[in-house]
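Trainee: Residue numbers for the sequence shown follow the numbering used here, so the first one is 19 and each next one is one higher. No residue lacks a Cβ here, since even glycine has one placed at the ideal position from N, Cα and C. One structure coming up, written as structure tokens, with questions to follow.
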Amino acid sequence: MKILILNGINLNMFGKRDPKHYGTITLDQINARVTALGQELGTAVECFQTNHEGEMVERIHRAHQEGMDAVLINAGAWTHYSYGIRDALAILQCPVIELHMSNVHAREAFRHVSVFSEVVRGQICGFGADSYELAVRAAVLAVKGS
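Below you can see the structure in the form of structure tokens.
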């Protein structure tokens, strides 16, 4: 099983950016945690981060070509307005899970809307860095049909 975790704009700044919402853990630390969890669960986890929308779309296209079993996405602010990323996600035939470290529904009104919601299996948010591990577990269950 292969799971791709996509991280969007500004998420490379975890550990430095707004610790009230994102804590002090870095993206590298999160990547190490989900990679270790993937090994424990018998799945390969690949992590990708970009601050460039076109690169994100291209990586989603490659995920389709590579036959990824599941895709997890924390697109950051793109979640709320990127129809280009939304349309790329809609191409995928595998389960797609949207995730966020903060509870986006308890924040500013613009964060309450996800343009991805119609094309993802579900959303996990509000559990800090644990949102990533919960999303990996949800992806494994979705692929296995549970």
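Determine, using beta carbons only, whether Ser149 and His123 come nearer to each other than 8 Å.
Mentor: For the purposes of this step, residue 149 is identified with residue 131 of the sequence shown, where counting begins at 1. For the purposes of this step, residue 123 is identified with residue 105 of the sequence shown, where counting begins at 1. Result no, Cβ atoms of Ser149 and His123 do not sit closer than 8 Å.
Trainee: Assuming the contact rule is C-beta atoms closer than 8 Å, Val114 and Val137 should be a hit. Round their C-beta distance to whole Å, please.
Mentor: Looking up residue 114 in the sequence shown gives position 96. Looking up residue 137 in the sequence shown gives position 119. Indeed they touch by this definition, with Cβ atoms about 7 Å apart.
Trainee: Measure the C-alpha to C-alpha separation of Gly26 and Val161 and round it to an integer number of angstroms.
Mentor: For the purposes of this step, residue 26 is taken as the residue at position 8 of the sequence shown. For the purposes of this step, residue 161 is taken as the residue at position 143 of the sequence shown. Those two C-alpha atoms are separated by around 23 Å.
Trainee: Would Gly72 and Leu29 be called neighbours here (beta carbons separated by less than 8 Å)?
Mentor: The residue you call residue 72 lines up with position 54 of the sequence shown. The residue you call residue 29 lines up with position 11 of the sequence shown. Not in contact: Gly72 and Leu29 (Cβ atoms no closer than 8 Å).
Trainee: Three-state secondary structure (DSSP) at Glu136?
Mentor: For the purposes of this step, residue 136 is taken as residue 118 along the sequence shown, with counting starting at 1. Reduced to three states, the DSSP call for Glu136 is coil.
Trainee: Go to Gln57, then tell me how far its alpha helix (DSSP H) extends in each direction, as first and last residue.
Mentor: The count along the sequence shown starts at 1 and reaches residue 57 at position 39. Looking at the DSSP string, the run of the alpha helix (DSSP H) that includes Gln57 is 45 to 59.
Trainee: Where Gly146 and Ile43 are concerned, what is the direct C-alpha to C-alpha distance, given to the nearest angstrom?
Mentor: Taking the first residue of the sequence shown as 1, we reach residue 146 at position 128. Taking the first residue of the sequence shown as 1, we reach residue 43 at position 25. Going from the Cα of Gly146 to the Cα of Ile43 covers about 9 Å.
Trainee: Output the distance between the C-alpha atoms of Gly163 and Leu55, rounded to the nearest integer angstrom.
Mentor: Residue 163 sits at position 145 when you count from the first residue of the sequence shown. Residue 55 sits at position 37 when you count from the first residue of the sequence shown. Going by the C-alpha atoms only, they are around 19 Å apart.
Trainee: What are the start and end residues of the beta strand (DSSP E) that includes Ala106?
Mentor: Counting from 1 along the sequence shown, the entry for residue 106 is found at position 88. That residue, Ala106, is in no beta strand (DSSP E); its alpha helix (DSSP H) goes 101 to 109.
Trainee: Who are Gln141's beta bridge partners in DSSP?
Mentor: By 1-based counting over the sequence shown, the position of residue 141 is 123. Answer by DSSP bridge pairing, in chain order: Glu116.
Trainee: Identify the residues that DSSP records as bridge partners of Leu24: which are they?
Mentor: By 1-based counting over the sequence shown, the position of residue 24 is 6. In DSSP, Leu24 forms a bridge with Phe66, Ile91.
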